[in-house]
Amino acid sequence: MAGTREYEQDYVDACRSRIESQVAVFAEVARSARDHGDADVSGLEGALESLEYEYFNNMLIVLDGYFADRRRDVRAPGGSALDEVRVLARSLMENGGTVMADPAVPLDPARSVLGLEVGSAVTLTLQQYRRISDAFLHEIERRDAAPQG
16 MAGTREYEQD
26 YVDACRSRIE
36 SQVAVFAEVA
46 RSARDHGDAD
56 VSGLEGALES
66 LEYEYFNNML
76 IVLDGYFADR
86 RRDVRAPGGS
96 ALDEVRVLAR
106 SLMENGGTVM
116 ADPAVPLDPA
126 RSVLGLEVGS
136 AVTLTLQQYR
146 RISDAFLHEI
156 ERRDAAPQG
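Below, the structure written as structure tokens:
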């Protein structure tokens, strides 16, 4: 199966930096929106929640895209963060945001990072995105990072 076997650490670090920057931008926007003084913001929390889900669901697709050329033929039993991101990204793009079964990548929710089951809605929060992106990048570094030298 064709695909990238390894990534330079500089590339992984640059991806991590972009992720951290994008998370910080969202947090700053949310913080600024909530710092409203005496204004009537009755719909603000619901709007921020919807924005958070949309933003981090899309960021998950971006995360998968950073490593789209990665070899996908090496899998851990029950799945890994790499497999979980793949399934969730496909679910967002192809299944309306509902976790879909992928016979090629069976995931055990009890062993997965986010614990989402088939049929669950993918509505990622900032904290969930941090957890899955951290686990994903750690797996990339452990499995696919080029040796430093």
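If you're matching positions, the sequence shown starts at 16 in the numbering used here and goes up one per residue.
Every residue gets a Cβ at the ideal spot worked out from N, C-alpha and C, and that includes glycine.
Alpha carbon of residue i to alpha carbon of residue j, nearest angstrom
{"i": "R101", "j": "A42", "result": "25 Å"}
{"i": "S95", "j": "S65", "result": "28 Å"}
{"i": "S32", "j": "L63", "result": "24 Å"}
{"i": "G61", "j": "P162", "result": "46 Å"}
{"i": "R85", "j": "V44", "result": "33 Å"}
{"i": "L129", "j": "Q143", "result": "7 Å"}
{"i": "D149", "j": "S47", "result": "26 Å"}
{"i": "P118", "j": "S57", "result": "44 Å"}
{"i": "R158", "j": "H51", "result": "46 Å"}
{"i": "V40", "j": "C30", "result": "15 Å"}
{"i": "I76", "j": "N110", "result": "13 Å"}
{"i": "L131", "j": "A83", "result": "22 Å"}
{"i": "R49", "j": "M74", "result": "22 Å"}
{"i": "V120", "j": "E156", "result": "20 Å"}
{"i": "L152", "j": "P124", "result": "19 Å"}
is_contact[residue i, chain B] using C-beta, thresh 8 Å
{"i": "R33", "result": "No chain B is part of this structure, which consists of one protein chain only."}
7 Å Cβ shell around residue i - same chain, five flanking residues per side excluded
{"i": "D79", "result": "V100, R101 and A104"}
{"i": "A160", "result": "E21, Y22, Q24 and V27"}
{"i": "S127", "result": "G94 and E99"}
{"i": "S106", "result": "G112, T113, V114, M115 and V137"}
{"i": "T140", "result": "E67 and F71"}
{"i": "Y81", "result": "C30"}
C-beta contact flag for residue i and residue j at 8 Å
{"i": "Y68", "j": "T138", "result": "yes"}
{"i": "N72", "j": "G134", "result": "no"}
{"i": "F35", "j": "L97", "result": "The sequence given here has Glu at residue 35, not Phe. Not closer than 8 Å, so no."}
CB-CB length for residue i against residue j, believed under 8 Å
{"i": "R145", "j": "V38", "result": "7 Å"}
Same chain, Cβ closer than 8 Å to residue i, neighbours up to 5 away in sequence not counted
{"i": "L59", "result": "A48, R49 and H51"}
{"i": "M108", "result": "I76"}
{"i": "L122", "result": "G93, G94, D98, E99 and V102"}
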